[in-house]
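Residue numbers (the working numbering), protein chains in the order written: chain A, 399 to 612; chain B, 263 to 388; chain C, 4 to 98. Glycine included, each C-beta is placed from N, C-alpha and C at the ideal position. Structure record follows, encoded as structure tokens.
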Amino acid sequence: MPHDHHDHDHLSPSGHPYQPDQDHTLTRWQAMEIAMRELLVEKEILTAAEITQTVEAMDRRSPADGAQVVARAWSDPEFKARLLADGSTTIGEMGFEAGAMKLIVVENTATTHNVVVCTLCSCYPRNLLGLPPDWYKQRAYRSRVVKTPRKVLSEFGLDLPDDVQVRVHDSTADMRYLVLPVRPAGTDDLDATALAELVNRDSMIGVAQATAPE
Amino acid sequence: MQAHSNSRNVIVMEHDNIRRWHDMGGQPAGQIDLDQHNFALWEKRVDALMVLTSGKGYFTVDGLRRVLEDMGEDTFETMSYYERWVQSVNQNLLEAGAYSLEELSTKMAEVTARGETYGDCAAGGE
Amino acid sequence: MSTLRAPVKVRVKDWFPPGHVRTPFFLRGKVGVIERELGPFHNPEELAYRQKGAPRKLLRVRFEMSEIWGEDAETPTDTLDAEIYEHWLEPADAT
Numbered sequence: 399m400p401h402d403h404h405d406h407d408h409l410s411p412s413g414h415p416y417q418p419d420q421d422h423t424l425t426r427w428q429a430m431e432i433a434m435r436e437l438l439v440e441k442e443i444l445t446a447a448e449i450t451q452t453v454e455a456m457d458r459r460s461p462a463d464g465a466q467v468v469a470r471a472w473s474d475p476e477f478k479a480r481l482l483a484d485g486s487t488t489i490g491e492m493g494f495e496a497g498a499m500k501l502i503v504v505e506n507t508a509t510t511h512n513v514v515v516c517t518l519c520s521c522y523p524r525n526l527l528g529l530p531p532d533w534y535k536q537r538a539y540r541s542r543v544v545k546t547p548r549k550v551l552s553e554f555g556l557d558l559p560d561d562v563q564v565r566v567h568d569s570t571a572d573m574r575y576l577v578l579p580v581r582p583a584g585t586d587d588l589d590a591t592a593l594a595e596l597v598n599r600d601s602m603i604g605v606a607q608a609t610a611p612e
Numbered sequence: 263m264q265a266h267s268n269s270r271n272v273i274v275m276e277h278d279n280i281r282r283w284h285d286m287g288g289q290p291a292g293q294i295d296l297d298q299h300n301f302a303l304w305e306k307r308v309d310a311l312m313v314l315t316s317g318k319g320y321f322t323v324d325g326l327r328r329v330l331e332d333m334g335e336d337t338f339e340t341m342s343y344y345e346r347w348v349q350s351v352n353q354n355l356l357e358a359g360a361y362s363l364e365e366l367s368t369k370m371a372e373v374t375a376r377g378e379t380y381g382d383c384a385a386g387g388e
Numbered sequence: 004m005s006t007l008r009a010p011v012k013v014r015v016k017d018w019f020p021p022g023h024v025r026t027p028f029f030l031r032g033k034v035g036v037i038e039r040e041l042g043p044f045h046n047p048e049e050l051a052y053r054q055k056g057a058p059r060k061l062l063r064v065r066f067e068m069s070e071i072w073g074e075d076a077e078t079p080t081d082t083l084d085a086e087i088y089e090h091w092l093e094p095a096d097a098t
């Protein structure tokens, strides 16, 4: 399964090595991308700098951003209350831009487990988690998690007891969803930085729990 | 992959002309594949073109989705995510009048003539 | 989100238009309760075709799995929430 790697010299922000596309034979779709980009710059619709900056911003965003939000919610009850009431405004307090995306944060508890999907396409809280994992965009997850969420979660290694209610959230329109996982036991002494390291990407989609401390 | 062909047979029998192919919640499907590919630079650039041109009002995310849906199920099964996106972004930019098909054709020919690899061919623009 | 008022029951319309819509097929005709009201947002069915998009309320509707999948529900009391535009919803109080 996909892992949350730590920073490494030759890894992309997604935690995987960059694909050596520069050296492969040009495809038709790559030629289209180059041509479209150059035309948009020539016509002064976009600047080359804007495009570079947008790619760089994309590279900077990662699940570590969402993890900071979760860690603060675990440590600061008033922040958590604001986050659950108005996700978009509240992540702005931490310097994260909601952009066009409107954020709803859903809280896991001892009796409720939330999991997020987009059955119609691949809507995802990119501003907090970066680009979505491949499985999130594919047929199997999108088709199955709305009908047999417990079976799907068990395939991710998460077996939920019967007394925990599962709430599936289908991102069908203008809202994006972040799951606030349950704070692991034995973390009372950890500060926000240490707590954030326990928050993995999958726990914020709802297909995993936060990582237990070592 | 067998589950896919199986699910598509079900679709044709039960929901022909009713359920659109991309609307797949609850349909039978196979195992979840947890392999992750790395986003290539050209893919991130396609994403950036979408973010920037839609942000400037040339089209909307619903325009992007509409073309992806109309491209059909075979493209979903046979092409990568950003291969589909680049076509949809292009279609939307053509519809918005950002550039013409003639300009695109001329530019693509010029790009392709620059060399063999993405690195060679992308170098001309910067 | 008020817990003091009775939940408002709504039914998703049984429409099958041959174009871009954001109402999942598996929820058409199903009854749920309004979880919260959002928006207004521009109607995506118009935005998709380069129209301005009239403002429409967006409702988060919560469905029980038993309502959606009937006998096939994995756990009948689990729920599914989806965002549905107001023009896709009709009152379901009578049922």
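Terminal residues of the alpha helix (DSSP H) in which A:V562 lies: Run containing A:V562: none; DSSP gives neither H nor E here.
Helix, strand or coil for C:N46, going by three-state DSSP, please let me know. coil
For the beta strand (DSSP E) that A:L596 lies in, which residues bound it at each end? No beta strand (DSSP E) holds A:L596; DSSP gives it neither H nor E.
Expressed to the nearest angstrom, what Euclidean distance is found between the alpha-carbon atoms of A:A606 and C:A76? 22 angstroms
Within 10 angstroms of its Cβ, does A:H591 collect 16 or more other Cβ (buried), or is it exposed? In the sequence as presented, His is not what sits at residue 591 of chain A; that position holds Thr. By the neighbour-count rule (16 or more Cβ atoms within 10 Å), A:T591 is not buried but exposed.
Counted within 10 angstroms of its Cβ, other Cβ atoms place B:V274 as buried (16 or more) or exposed: Unreliable placement is indicated for B:V274, whose pLDDT of 41 sits below 50; the coordinate value is still reported in the next sentence. Exposed: under 16 other Cβ atoms inside 10 Å.
Does the separation of the CB atoms of A:R581 and A:P461 fall below 8 angstroms? no
Those runs of the beta strand (DSSP E) which lie wholly inside the region 512–574 of chain A and span at least 3 residues: 563–568
Could you tell me which chain E residues have their CB closer than 8 angstroms to the CB of B:L355, listed as they occur along the chain? Absence of chain E from the displayed structure is noted, the protein chains being A, B and C.
Cβ contact check for the region 569–586 of chain A and the region 533–549 of chain A: 3 or more pairs under 8 angstroms: no
Minimum C-alpha distance to C:P43 - residue among C:E93, C:T82, C:E86: C:E86
I'd like to know if C:Y88 contacts chain B, where contact means its C-beta is closer than 8 angstroms to some C-beta of that chain. no
CA-to-CA distance, B:A385 to B:V348, given in whole angstroms: 19 angstroms
With a cut-off of 8 angstroms on the beta carbons, I'd call A:V514 and A:S569 a contact; round off their distance for me. 6 angstroms
Whose Cβ in chain A lies nearer than 8 angstroms to the Cβ of B:M333? By Cβ distance, chain A contributes nothing, its closest Cβ being about 12 angstroms from B:M333, past 8 angstroms.
Taking C-beta to C-beta, are A:P523 and A:Y575 nearer than 8 angstroms? yes
Alpha carbon of A:E595 to alpha carbon of B:L296, nearest angstrom: 22 angstroms
Three-state class that DSSP yields for C:A95 in the structure shown: coil
Can at least three beta-carbon pairs, one atom from the region 56–76 of chain C and one from the region 489–497 of chain A, be found at a separation below 8 angstroms? no
Does the beta carbon of B:D285 sit closer than 8 angstroms to a beta carbon anywhere in chain A? yes
Run through chain B and tell me which residues come within less than 9 angstroms of A:P531, C-beta to C-beta. L296, Q298
Report yes or no: is there a C-beta of chain C within less than 8 angstroms of the C-beta of A:I603? no
Report yes or no: do the region 362–376 of chain B and the region 421–431 of chain A share at least 3 C-beta pairs separated by less than 8 angstroms? yes
Rounded Cβ spacing between B:L303 and A:E448 (contact assumed at less than 8 angstroms): Wrong, their Cβ atoms sit about 16 angstroms apart, outside the cutoff.
Per-residue burial, C:W18 [other beta carbons within 10 Å of its own, 16 or more giving buried]: exposed
Do the CB positions of C:G35 and C:E89 come within less than 8 angstroms of each other? no
Residues bridged to C:V34 [DSSP beta-bridge criterion]: C:R14
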